[in-house]
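Protein chains: 2
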Amino acid sequence: MKKYLGIDVGGGSIRGTIIDKEGNSYFDFQIPTNPNFSNKEFLDSIYTVVKHCLAAVPADAIGIGTPGPIDIDTGIIISSANLKNLNNVELVAFVKETFHLPVYFNNDANCASLGEYYFGEGQKANSLVVFTLGTGLGCGLVMRGKVFNGYKGNGMEAGHITVVKDGALCGCGQRGCVEAYFSTNGLLGRYFDLTNKKLENAKEFFELVSQNDKNANQILELGISVFAEGIRNVIHLVNPDKIVFVGGLTASYDLFGKSLEEKVNQIIFPVLASYVKFAVGKSVAGSFGAATLAFQHFEP
Amino acid sequence: MKKYLGIDVGGGSIRGTIIDKEGNSYFDFQIPTNPNFSNKEFLDSIYTVVKHCLAAVPADAIGIGTPGPIDIDTGIIISSANLKNLNNVELVAFVKETFHLPVYFNNDANCASLGEYYFGEGQKANSLVVFTLGTGLGCGLVMRGKVFNGYKGNGMEAGHITVVKDGALCGCGQRGCVEAYFSTNGLLGRYFDLTNKKLENAKEFFELVSQNDKNANQILELGISVFAEGIRNVIHLVNPDKIVFVGGLTASYDLFGKSLEEKVNQIIFPVLASYVKFAVGKSVAGSFGAATLAFQHFEP
C-alpha cells in the first residue's frame, strides 16, 4: 500500500506523520517552531522533519499544511500571523527540489478539516466546518467531501472575522477578530490585558480556570461569548450540519464546550440550531489531513 | 419563447416581473407590503400580484424569492425579521394549487444574486457575493453559476452576522448584527437612538446626509464601518472575486460606496484585496432573479 507523508505547520510545532489511505500511522515526529523564524530557518526546520520522516519510512508523496495567507497555485506562504517574519516562502518548490517527490499544499486548517472528514468526527457530514484551536484559530470547510479552497487556499479564515468592532488587537494587525479572544494567543493576551501577568501557555491558563481563578474565568467567559458569535457568523453564512473542534485547546473542552455550544444554539436561527451538531475531533488531524491532500491525488 | 413570472417579496413591496430567458421584460407590477401582515393577508397580496401579472401576460412557470428563514424543501416561509407576524406560511403549496403552474422558491437574496449573475454586474464572476440593501440586509453567493442554497435555502444570511458584540438590537432579536447598522431599518433605528427623531425612509436619511447633517453623517459613518467589517467577514470566509450591491439604498451609493470600498480594502488580507472587485447592480435584480429560479428548470 502507498504511503504518504503529511506535514502540519502550527504556531507551536512542525509535525510529520506517515500514513496510508486507511489512516494507519507508520511514523510520527515533531519539532517546535519559533515565532521569529526567518524564511531560511523555517525551511531548515521543514527539511529536518521531512528528512527524518522519510529516513524512517519511505513515502510516495508529501502533503503540507501551513498557516495562511498562502498561495496554493504557486506553493508560497505569503505571510503568517503567528510566524511573523515569514515572507513569500517558496515552500513547495523547496520540498519538491530537495526530496524529488510530488508535493501538495494547502492551508493548515483546510488540511485539518480533510483529516476530520476522512478519519475523524466529520465522517459522512454533508457540510463540515472544522475549527482548529491552537496558537491561532483556523477554520476549514468540507462540502460533500471536497475541501473549500477559496482563492489560492485562503478559504474560511474564520479566526480573522470581526466580532468585537474596535476590540482587542489581533496578530493579523486588525482589531476584534475571533482569534484575538479564543486561541492560545487570544486567551493569554486578554488575560495579560486584565492582570498584567504573562502566562506561558494555554495549559497554565486552563489550570487557573480549573482552580476557579476569577480573572481566568472572566477571560474564558469573554472568549466563549466572542467565539460563539464567530461560530454564529460561520453558521449563518455556510449552514454546516457538523462542527468539529480540533487542536490543543480541545484538551480543556470540558471547561468551555458545553457553555459554548449552548450559547451558539441560543443566538442562531432555530432552523439552523436544530440542524447543526458539535463534536471534538481527534488529536492528529492536522498531519493526517495534510497527508490526505497527497493521497487524494493517487487513490480514488 | 417561454415566459417566467418572478415574484420578489421585500420588506417594502411585493413585485412581479415576467421575463424570458434572455432577460426581456414583458410586464412589471408591484404592491406595498405591510410589516404587520398575517399569513392570510400576505398570501392575499401574493395572490393579487400573481393574478394581475398572469392576466396581463401568461407565463409557463413561477419563481418566488422571499425573506428567510425559509424551507425550500417544503416551500414554507418559517418566519421573517421584517414581516414579524408571518409564521410557517405554506407559500409554494398555495401558489401551485391556485394557479396550476410549476413554482420554484428560494431566499430573496439568493434570487437577487442569480439575477445579477445572469443579467447584471455579476456576469462571469467565479465566486459572486451579492448584498441586498433594503429594509433589511440580505446576501447571496453564486459559485461557478450555481447559487449556494445552504440548508433549506438559508445560505449566506450575512445581515445576521455579529460585528458589534452586545451592540444595537436587530430585528432578528439578537444584538450587533450588520443589518442593525446598515439597512433602512438599521440606519433609521440608529438615527433614532441618537436623536430621538423618527425618519420615514432611507431617502429622508440620505437627504440629511446630503445636507451635511451632523447626526445623519455620524450614523452613516458608523453604518459604513460596521458593514465594512461584515464584508470583511464574508470575504475572509468565502473569498469572492466580485461583490455586487443591489437594492434601494444603492440609489445613494455615491454617499457611501467609495468610503465603504476603501475601508474594506484596508481591513482584509492584501491577497484578497487585490482579488475582489466591487460594483453596483441593476435595480430589477430581485424579481428577475426569482424568475431565473424557474427558467433554470426549463432551459439548459
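So the sequences go chain by chain: A and V.
Residue 125 in my numbering sits at position 125 of the first sequence, and the numbers go up by one each step.
Residue 221 in my numbering sits at position 221 of the second sequence, and the numbers go up by one each step.
We put the beta carbon where it would ideally sit given N, CA and C, even for glycine.
Sequence-distant Cβ neighbours of residue 277/V in its own chain, meaning closer than 8 Å and more than five residues away, are 241, 242, 243. In this structure residue 271/A is not in contact with residue 126/V, their Cβ atoms being roughly 29 Å apart against a cut-off of 8 Å.
Where residue 190/V is concerned, the enclosing alpha helix (DSSP H) starts and stops at 184-195.
Fully enclosed beta strand (DSSP E) runs of no fewer than 3 residues occupy 103-107 of the segment 95-122 of chain V, in order along the chain.
According to DSSP, residue pairing for residue 70/A in a beta bridge involves 77/A. Residues of chain A with a Cβ closer than 7 Å to the Cβ of residue 162/V are, in chain order, 163, 229, 232, 233.
In this structure, the straight-line span from the alpha carbon of residue 160/V to that of residue 131/V is close to 12 Å. The three-state secondary structure of residue 179/V, taken from DSSP, is helix. Burial is judged here by how many other beta carbons sit within 10 angstroms of a residue's own beta carbon; residue 57/A has fewer than 16 and is exposed. The alpha-carbon separation between residue 231/A and residue 122/A amounts to approximately 17 Å. Between residue 111/V and residue 286/V a beta carbon distance of about 6 Å is seen, short of the 8 Å cut, so the two are scored as contacting. As for any beta strand (DSSP E) of minimum length 3 sitting wholly inside the segment 126-161 of chain A, the runs are 127-133, 137-143, ordered along the chain. In summary, the residues of the segment 147-162 of chain V whose CB is separated from some CB of chain A by less than 9 Å are 148, 149, 150, 151, 152, 154, 155, 156, 157, 158, 159, 160, 161, 162, in the order they occur in the chain. The beta carbons of residue 61/A and residue 104/A sit closer together than 9 Å. Residue pairing of residue 4/A in beta bridges, as defined by DSSP: 19/A, 61/A. If the five residues before and after residue 267/A are omitted, its C-beta is found closer than 6 Å to the C-beta atoms of 232, all from its own chain and listed in chain order. By the Cβ-count criterion, residue 201/V is exposed, with fewer than 16 other Cβ atoms from all chains shown falling within 10 Å of its own Cβ. Spatial neighbours of residue 31/V in its own chain (CB-CB distance under 7 Å, excluding positions within 5 residues in sequence) are listed in chain order as 13, 14, 45, 48, 49.
The beta-carbon of residue 69/A is placed less than 9 Å from the nearest beta-carbon of chain V. Sequence-distant partners of residue 52/V (beyond 5 residues in either direction) whose C-beta falls short of 6 Å from its own C-beta, in its chain, are 29. With fewer than 16 other beta carbons inside 10 angstroms of its own, residue 297/A counts as exposed. By the beta-carbon neighbour count (other beta carbons within 10 angstroms, threshold 16), residue 106/V is buried. Residue state for residue 83/V is assigned as coil, using DSSP reduced to three classes.
Secondary structure note for residue 263/V: its alpha helix (DSSP H) is the uninterrupted segment 253-267. In this chain, the alpha helix (DSSP H) harbouring residue 218/A covers 214-238. Of the candidates 225/A, 226/A, 194/A, 133/A, 194/A places its Cα closest to the Cα of residue 214/A. Within the same chain, and ignoring the five residues on either side of residue 102/V in sequence, the residues whose Cβ sits closer than 6 Å to its Cβ are 61. When the beta-carbon positions are compared, residue 26/A and residue 289/A stay at least 9 Å from each other. In terms of Cβ geometry, residue 209/V and residue 245/V do not form a close pair [threshold 9 Å]. By the Cβ-count criterion, residue 211/A is exposed, with fewer than 16 other Cβ atoms from all chains shown falling within 10 Å of its own Cβ. The DSSP-derived three-state label of residue 206/V is helix. In the DSSP assignment, residue 166/A falls outside any beta strand (DSSP E) and carries neither an H nor an E. Three or more pairs of CB atoms, one per stretch, sit closer than 8 Å, so the segment 217-230 of chain V contacts the segment 174-182 of chain V. With respect to the C-alpha of residue 74/V, the residue from 92/V, 80/V, 87/V, 68/V having the closest C-alpha is 92/V.
Per DSSP, the unbroken beta strand (DSSP E) holding residue 25/V starts and ends at 25-32.
At least 9 Å separates the beta-carbon of residue 150/V from that of residue 108/V.
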